Every structure is written in structure tokens, then in C-alpha cells.
Ligand SMILES: C[S@@+](CC[C@H](N)C(=O)[O-])C[C@H]1O[C@@H](n2cnc3c(N)ncnc32)[C@H](O)[C@@H]1O
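Residue numbers (the numbering used here): 798 to 1041.
Here you go:
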């Protein structure tokens, strides 16, 4: 069966020229994204987000920063009757997501746009999900995203965010590893990578309770970490909040 997958461009004229940080940091690396994601074990992270979100049949979901669609497709594998819209500014990744959804014969709506404008009517969504994308969004965009999530969710609807974040202690351990030479670097490569990820300015915004605070400041009452994974690239947190 081939599904009809459309990509709707909902960018404003100004947004068409707005730069964004692509999934691999550089646009020319994007053809490698899915292979890298597989090797890096991101599928297992998505699975944890799918379990945390717990989407029910017929529910409406927007996947913010969906990239090549892997989280959306994981939700559809667990809950084929979910109605999912993937949102991302990257047309290349969205075309890849569309090809994958067509191959699997699943229905997926794809919207080209930014996290600050969630493509949904007020109070219409059961879930907003997002994986490894919030650290790609700048300060103003993050705040706008959190407020727009509150607008778009129905009362009782939940936002589930998976991203690098939470306690900085592991990153600090790595930061304080002293030594030189190739043997030292190789031995401590995972910690060094973790440290680089944790100390990069975009990820630093998420550290400690950065995501929880973002959602609480937007007006979510119960924002909290519901799960975390000690991934080799850094601590990954799952933060969830419900619209009251
Ligand atoms: C590391 S990728 C994660 C993709 C996917 N969610 C996954 O788990 O594989 C980060 C994504 O955030 C998207 N992104 C960057 N800036 C954004 C913005 N302002 N709003 C929404 N998405 C954005 C990128 O285009 C990219 O697809």
C-alpha cells in the first residue's frame, strides 16, 4: 500500500530565509543522519519517549523538530491509529520522512515550519512530542514553543520532550579528566564527547532543570523529569507536562 504523504509549507516569507541548525549540525551531512542515528542508538531513546507519551488510538500528536520522522514512525508502529503531524524547518529531512512513511504505508502529515508555531488549532492536540530537537532551537524560539504548546494542547493533553539535559554532574566528571596523548584521548573519548555535548551552548540551555523550568515558566503546573537515559553522548532526559 502507498500512502499519500504531503509536505505543507507553513513558513512565513521571512522564515524562508531564517537559518536553522540542521540535525547533524551541517546541511551537507544530513544524508548520513539516519545511519548515524541508528549507530548512536537513538532508536532505543525514541522507544522510551514512545512509552512515556503513551499515545492512544485516534489521538492527535505533533512531533516538533521531527527531522527524518523517526520518532513519528516509532509512535505509529506502537499506535497505528494515531494522527501524527511532523514539524520541521528542514525540507530535505521532511522529504526523507515522507519517503519512509510511504514505504511503510502509514499516514503522516508533514509541515515545514518552526517550533514557535505549532500547526494546530487552539486546544486541539492530545500530545506534543519532541526528540533531540529542543537544543537546536534558540532562546526566543524555545520560549515561544513552550507558550504555543500550552495553546495547542487540549486540557489534559501532554507535552513529552526527550533531549540532552538534566544533572550536569556526569559532564563535569568528564570535564575534569586531565591528561594528554592519543592513548588518554582514546580511553576517555566517550567522556570527552559527552563533555563536548554537555558544554556546547545549545545543550547548556537544557542542563539541570532547563527544560522543566522552560515549561513551568510558560504555565505548565506539573513539568517534571519522568525518565532519563545515560547515553554515551550525554545524559538524555524525558520531561513531561500536562495542560490543566
Ligand atoms: C537532531 S535532529 C532530531 C530529529 C528527530 N526528532 C530525531 O529524533 O531523529 C534536530 C531537528 O531539529 C530541527 N530544528 C532545528 N531548528 C528548529 C526549529 N527552530 N524548530 C523546529 N525544529 C528545528 C532540525 O531541522 C532537525 O531536524
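Note that the Cβ used here is the ideal one computed from N, Cα and C, for glycine as well.
The model shown is predicted, which means the values in this text are computed figures rather than measured ones.
- Of the other Cβ atoms in all chains shown, fewer than 16 fall within 10 Å of the Cβ of residue 809; this residue is therefore exposed.
- In the structure shown, residue 834 falls within a helical segment according to DSSP collapsed to helix, strand and coil.
- Distance check between residue 887 and each of 848, 1010, 819 places 819 closest, using alpha-carbon atoms only.
- Around the beta-carbon of residue 1004, 16 or more other beta-carbon atoms lie within 10 Å, marking it buried.
- Cβ contact annotation for residue 1041 (same chain, cutoff 7 Å, sequence separation greater than five): 952, 1018, in chain order.
- For the 9 Å CB-CB criterion, residue 871 and residue 908 do not form a contact.
- Between residue 881 and residue 923, the alpha-carbon positions lie close to 10 Å from each other.
- For the options 857, 894, 815, the alpha carbon positioned closest to that of residue 879 is the one of 857.
- Taking the Cα of residue 855 as reference, the smallest distance to any Cα among 827, 875, 836 is reached at 875.
- Residue 940 sits close to residue 1011, with the two beta carbons spaced by under 9 Å.
- For residue 915 and residue 836, the gap between their C-alpha atoms comes out near 30 Å.
- Distances between the C-beta of residue 867 and the heavy atoms of ligand 1 include at least one below 8 Å.
- Rounded to whole angstroms, the Cβ separation of residue 845 and residue 1024 is 6 Å, and the two are in contact under 8 Å.
- Taking 8 Å as the cut-off, the C-beta of residue 1031 does not count as close to any heavy atom of ligand 1.
- Contact between residue 843 and residue 868 holds, with the beta-carbon distance rounding to 5 Å and staying under 8 Å.
- Counting C-beta pairs closer than 8 Å gives three or more between the region 957 to 966 and the region 923 to 936, which meets the contact rule.
- When the beta-carbon positions are compared, residue 947 and residue 1015 come within less than 9 Å of each other.
- In the displayed model, residue 952 falls within a strand according to three-state DSSP.
- Not one heavy atom of ligand 1 sits closer than 8 Å to the Cβ of residue 952.
- Scanning its chain for C-beta atoms nearer than 8 Å, with the 5 sequence neighbours on each side dropped, one finds around residue 917 the residues 857, 859, 882, 949, in chain order.
- When the Cα atoms are used, residue 851 and residue 1020 turn out to be separated by approximately 17 Å.
- At a cut-off of 3 residues, the continuous stretches assigned as beta strand (DSSP E) that sit fully inside the region 833 to 881 are 857 to 861.
- In the DSSP secondary-structure assignment, residue 1032 is bridged to 1027.
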